[in-house]
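Notes follow the structure.
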Amino acid sequence: MAFVNQIILTKTAKETEQIGEKIAKELIKEGLTRTATCVCLEGNLGAGKTTFAKGFAKGLGIKEIIISPTFAILKRFKIQDSRFKNFYHIDAYRLQGGKDAEALNLKEVLANPTNLVLIEWPNNLKVLLKGEFLTINFDFLTEKKRSLNFSKPMVK
Ligand SMILES: Nc1ncnc2c1ncn2[C@@H]1O[C@H](COP(=O)(O)OP(=O)(O)OP(=O)(O)O)[C@@H](O)[C@H]1O
Ligand SMILES: [Mg+2]
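Note that the UniProt record's numbering gives residue 145 to position 145 of the sequence shown, counting from 1, and the numbers run on in steps of one.
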């Protein structure tokens, strides 16, 4: 997997989108997994998580416009792939703890190998184990510069 254990600097929103697109394309090529394939996006407001998600969706061939699902919390998109059937974009900013995760059926979503999942504000979801999935930590450097810190998922 590209970028794992690396810190990538981007100078424009477009560059962050392109990294999202590249990661999505790599993930759909990876071998079978027992659970959903999930990427956690950490970082402050405006750090670039949804911008990354836009490029990620593009990499999956999704034509719909990706906006922050803050008000919906979870949005599902169908995808045309031999293995993956759904892309879930989750924004847990407004959530606190396990109860909300239950309401979203998150456990089921994460258990299904045909799901690809992106989660903004994963720390608000208690069902997620820290480091369980590939995690990207976004940092705001200057108005246009961001750092994307890729960490390795824990071996399951
Ligand atoms: N290098 C860059 N990478 C990503 N976004 C950038 C960059 N430079 C400027 N931007 C701008 O910063 C903003 C990032 O907003 P975005 O919604 O992606 O952040 P977010 O991390 O999802 O925030 P939130 O936690 O509020 O959902 C956008 O307006 C984007 O155009
Ligand atoms: Mg966002």
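A virtual CB, placed ideally from N, CA and C, is assigned to each residue, including glycine.
F150 places its beta carbon 9 Å or farther from that of Q18. R146 is classed as buried because its beta carbon has at least 16 other beta carbons within 10 Å across all chains shown. With respect to the 9 Å criterion, C38 and L116 are classified as neighbours on the basis of their beta carbons. Secondary structure at T50: helix, using DSSP grouped into helix, strand and coil. The residues K78, I79, T114 and N115, in chain order, have a CB closer than 8 Å to that of K85 in the same chain once the five nearest residues on each side in sequence are set aside.
In the DSSP assignment, the residues bridged to V117 are C38 and Y88.
Exclusion of the five residues before and after K11 leaves K144 and K145 as the residues of its chain whose Cβ lies within less than 8 Å of its Cβ. Not one heavy atom of ligand 1 falls within 8 Å of the beta-carbon of Y88.
Remark: the C-beta of E42 is outside contact range of ligand 2, defined as less than 8 Å to any heavy atom.
Around the beta-carbon of L9, fewer than 16 other beta-carbon atoms lie within 10 Å, marking it exposed. Within its own chain, the residues whose Cβ lies closer than 8 Å to the Cβ of Y93, once the five positions on either side in sequence are excluded, are T70, E120, W121 and N124, listed in chain order. K25 is positioned such that its CB atom lies closer than 9 Å to that of G59. The three-state secondary structure of F133, taken from DSSP, is coil. Between ligand 1 and G59, a heavy atom-to-CB distance of less than 8 Å is absent.
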